[in-house]
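Trainee: Yeah, the sequence shown ends on 811 if you go by the numbering used here, and it's all consecutive.
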Amino acid sequence: MTDTRQTSDLFKPVQIGAIQLKNRIAMAPLTRSRAQAGDIPSELAPEYYAQRSGAGLIIAEATQISPQGKGYAFTPGIYNDAQVAGWKKVTDAVHAKGSRIFLQLWHVGRISHPELQPDGALPVAPSAIKPEGNAFTETGFKPFVTPRALELSELPGIVEQYRTAAQLAIRAGFDGVEIHAANGYLLDQFLRDKTNQRNDAYGGSIENRARLLLEVVQAVTSVIPSERVGIRLSPTSPANDIADSNPQALFSYVVEQLNAYKLVYLHVVEGATGGPREVAGGFDLQVLRNLFKGIYIANNGYDLDLAAKARSSNLADLVAFGRPWIANPDLVERLQKGAELANFNPDTLYGGGAKGYTDYPALHAG
Ligand code: PHB
Numbered sequence: 446m447t448d449t450r451q452t453s454d455l456f457k458p459v460q461i462g463a464i465q466l467k468n469r470i471a472m473a474p475l476t477r478s479r480a481q482a483g484d485i486p487s488e489l490a491p492e493y494y495a496q497r498s499g500a501g502l503i504i505a506e507a508t509q510i511s512p513q514g515k516g517y518a519f520t521p522g523i524y525n526d527a528q529v530a531g532w533k534k535v536t537d538a539v540h541a542k543g544s545r546i547f548l549q550l551w552h553v554g555r556i557s558h559p560e561l562q563p564d565g566a567l568p569v570a571p572s573a574i575k576p577e578g579n580a581f582t583e584t585g586f587k588p589f590v591t592p593r594a595l596e597l598s599e600l601p602g603i604v605e606q607y608r609t610a611a612q613l614a615i616r617a618g619f620d621g622v623e624i625h626a627a628n629g630y631l632l633d634q635f636l637r638d639k640t641n642q643r644n645d646a647y648g649g650s651i652e653n654r655a656r657l658l659l660e661v662v663q664a665v666t667s668v669i670p671s672e673r674v675g676i677r678l679s680p681t682s683p684a685n686d687i688a689d690s691n692p693q694a695l696f697s698y699v700v701e702q703l704n705a706y707k708l709v710y711l712h713v714v715e716g717a718t719g720g721p722r723e724v725a726g727g728f729d730l731q732v733l734r735n736l737f738k739g740i741y742i743a744n745n746g747y748d749l750d751l752a753a754k755a756r757s758s759n760l761a762d763l764v765a766f767g768r769p770w771i772a773n774p775d776l777v778e779r780l781q782k783g784a785e786l787a788n789f790n791p792d793t794l795y796g797g798g799a800k801g802y803t804d805y806p807a808l809h810a811g
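(1) Between the C-alpha atoms of residue 610 and residue 669, what's the straight-line distance to the nearest angstrom?
(2) From residue 556 to residue 452, what does the alpha carbon distance come to, in whole angstroms?
(3) For residue 580 and residue 523, I'd like the C-alpha separation in whole angstroms.
(4) Do you know how far the Cα of residue 755 is from the Cα of residue 576?
(5) On a CA-only basis, which of 629, 671, 572 and 657 is nearest residue 605? Give me that one, please.
(6) Please state whether DSSP places residue 581 in a helix, a strand or coil.
(7) Does the beta-carbon distance from residue 551 to residue 514 come in below 8 angstroms?
(8) Assuming residue 666 is part of the alpha helix (DSSP H), what are its boundary residues?
(9) Taking the CB atoms as reference points, tell me whether residue 500 and residue 777 lie closer together than 8 angstroms.
(10) Have a look at residue 583 and residue 519 and give me their C-alpha separation to the nearest angstrom.
(11) Taking 5 angstroms as the limit, tell me which residues put their C-beta closer than that to any heavy atom of ligand 1, in chain order.
(12) Determine the burial state of residue 759: buried for a count of at least 16 other Cβ atoms within 10 Å of its Cβ, exposed for fewer.
(13) Any chance the segment 670-689 sits against the segment 710-720, with 3 or more Cβ pairs inside 8 angstroms?
(14) Indicate the three-state DSSP secondary structure (helix, strand or coil) for residue 809 in the structure shown.
(15) Report back the beta-carbon spacing between residue 654 and residue 641 to the nearest angstrom; my notes put them in contact at under 8 angstroms.
(16) If you draw a straight line from the C-alpha of residue 539 to the C-alpha of residue 508, how long is it?
(17) By Cβ distance below 8 angstroms, which residues in the same chain neighbour residue 586 in space, the five residues on each side in sequence not counted?
(18) Are the segment 525-532 and the segment 464-475 touching, with three or more C-beta to C-beta distances below 8 angstroms?
(19) To the nearest angstrom, how far is the alpha carbon of residue 661 from that of residue 607?
(20) In the DSSP assignment, find the beta strand (DSSP E) that holds residue 823 and state where it starts and stops.
(21) I'd like to confirm the pairing. Which residues does DSSP put opposite residue 588 in its beta bridges?
(22) Please identify the residue among 517, 802, 483 and 700 whose C-alpha is closest to the C-alpha of residue 589.
(23) Counting only the same chain and skipping the five closest in sequence on each side, list residues whose C-beta sits under 6 angstroms from that of residue 706.
(24) In chain order, which continuous runs of the beta strand (DSSP E) of length 3 or greater are located wholly inside the segment 453-495?
(25) Short of 6 angstroms in beta carbon distance, which residues of its chain neighbour residue 631, apart from the five on each side in sequence? Order them along the chain.
(26) Taking all protein chains shown into account, decide if residue 487 is buried (16 or more other Cβ within 10 angstroms of its Cβ) or exposed.
(27) Output the residue ranges of the alpha helix (DSSP H) runs that lie fully inside the segment 707-743 and measure 4 residues or longer, sorted by chain position.
(28) Only counting runs of 3 or more residues, tell me where the beta strand (DSSP E) segments fall wholly within the segment 509-578, in order along the chain.
Set out below in C-alpha cells:
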C-alpha cells in the first residue's frame, strides 16, 4: 500500500494537450443543483471548486448549452453573459490555486420535464420515446413524459448551441470543454438504437446515429483548439434508460471517428454510472482506450489501489474520482497520505446552500 502511494505517478505532473496538470487525478463532473436564478452558478461555486483544486484537472458540473438543454432544477447554464460572469469567478478561483478546469457541455434531451422547459414545452429527443423514471423539478420529482422528436431542421441549431457554448466557456476562463455524450442525455440518445428510431440521416445505421455527435465535435473544434476539447462516453452504462443492441461496434466506430478531430481526452464512465463497475455483456473498454489516440481518463468507482493499478498497468492516463470529492475537498492529499475518506450526506447532494457543499472540512482545516 505505502509503496503504491509513494511510487504511483498518479501524484506527479502530466501534460495534456496545451496544459500541464499537477497530478493525474481529476474531479469528475458532479451535479449539485445550487445555481442562482437565471441558471447562474452559485455564489458559493468559486469557493467549492477552489477547495477541490488539489485535483490536477477539475471537470465542472454538467452545464446546459440552452434553456431547452436543462433537465434538473437549479443546474447552471452557459449561454449568456451573466452565466459567463458567474463562471469567470469560478475559473479565477481555481486558477489562483494552480489547478485547471474544463466545463462539461450538456443537453439532456428527453431527461427533462415541461416544468424545466421554456414555456412548459415538451422535452426533445431523437424519437418520441418516454424514459422510465422521474425528473427532478423545482417542485419535486415528476415522472418523465413522452418527448417530442426533433425535426431534422432543428438539428443545425443544436449544433450551433454547442459551438457558442464552447466559445462562451473559453471566454469564462475555462481551460477547455468536455462534450457530454454519456449517461443517456441527448447525444447518447442519438447514438443508441433503443432511443433513436429515426428514419432520416441521423437514425438507423451506426454512421447515422453518430452523425449529430460528430457534427457537434466538428463545430466545437472549429472555434476552440482541439487540444482543449475532451469528450465523455459511457458505453456500458444503462443510465437514464439507455441501451443499444451492439455497443461494442457502436462505440468502436465513434472512437475511431473521433480520432480525426484530435481531441485531448476521452473520459469514460466504466460500468454503470454511479453503480457497479462490472456489467454484463462482455464489453471490453480497453478496446476503446487502445483505439483512441489521445489521453484516456477512467472513471467510476475508483479507490486509491484501483487507480494506482490503472497507472502501473497503463490502463488509463488519468483517473477521475466523482463522489469521493463531495465530502473530501482535499481528496488528493488524503489519497496520498492514506487518510480515511469522509462519506457525504445524501440529503444535501442536490439543492440548498453551503451545507453539504462548502462546509466539508479538509484534514488540516483552518
Ligand atoms: C445527475 O444529476 O444525477 C447526473 C447528472 C449528469 C450526469 C449523470 C448524473 O451525467
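Ideal placement from N, C-alpha and C gives every residue a C-beta, glycine not left out.
Only a predicted model underlies this, so the values are computations on that prediction, with no experimental measurement involved.
Mentor: The relevant details are as follows:
(1) Approximately 11 angstroms between the Cα atoms of the pair.
(2) Spanning the two alpha carbons is a distance of roughly 43 angstroms.
(3) Here the C-alpha atom of residue 580 lies approximately 21 angstroms from the C-alpha atom of residue 523.
(4) The alpha-carbon atoms of residue 576 and residue 755 are separated by roughly 34 angstroms.
(5) Here the closest residue by C-alpha is 657.
(6) In the three-state reduction of the DSSP assignment, residue 581 falls in the strand class.
(7) Between residue 551 and residue 514, the C-beta gap is smaller than 8 angstroms, which places the two residues in contact.
(8) It spans 656-668 - the alpha helix (DSSP H) in which residue 666 sits, taken as one unbroken run.
(9) At a Cβ-Cβ threshold of 8 angstroms, residue 500 and residue 777 count as neighbours.
(10) Roughly 8 angstroms separates the two Cα atoms.
(11) Taking a cut-off of 5 angstroms from the heavy atoms of ligand 1, the residues with a C-beta inside it are 476, 507 and 628.
(12) With fewer than 16 other Cβ atoms within 10 Å, it is exposed.
(13) Verdict: yes, contact present.
(14) Correct three-state label for residue 809: coil.
(15) For a cut-off of 8 angstroms, the C-beta gap from residue 654 to residue 641 is around 5 angstroms, short enough to register as a contact.
(16) In a straight line, the C-alpha of residue 539 is about 17 angstroms away from that of residue 508.
(17) Cβ within range, chain order: 579 and 580.
(18) Note that the segment 525-532 does not touch the segment 464-475; fewer than 3 beta-carbon pairs, one per stretch, sit closer than 8 angstroms.
(19) CA-CA distance, residue 661 to residue 607, rounds to 6 angstroms.
(20) Residue 823 lies beyond the residue range present for the chain, which begins at 446 and ends at 811; the question has no answer from this structure.
(21) Per DSSP, the beta-bridge partners of residue 588 are 579.
(22) Relative to the Cα of residue 589, the nearest Cα in the group 517, 802, 483 and 700 belongs to 517.
(23) For residue 706, where only same-chain residues beyond five positions count, the Cβ hits under 6 angstroms are 662, 666 and 671.
(24) Positions of the beta strand (DSSP E) runs, each at least 3 residues long and wholly inside the segment 453-495, are given as 459-461, 464-466 and 470-472 in order along the chain.
(25) Sequence-distant partners of residue 631 (beyond 5 residues in either direction) whose C-beta falls short of 6 angstroms from its own C-beta, in its chain, are 552 and 554.
(26) The Cβ neighbour count for residue 487, taken over all protein chains shown within 10 Å, is at least 16; the residue is labelled buried.
(27) Within the segment 707-743, the complete alpha helix (DSSP H) runs of at least 4 residues fall at 730-736.
(28) Complete beta strand (DSSP E) runs here, min 3: 545-551.
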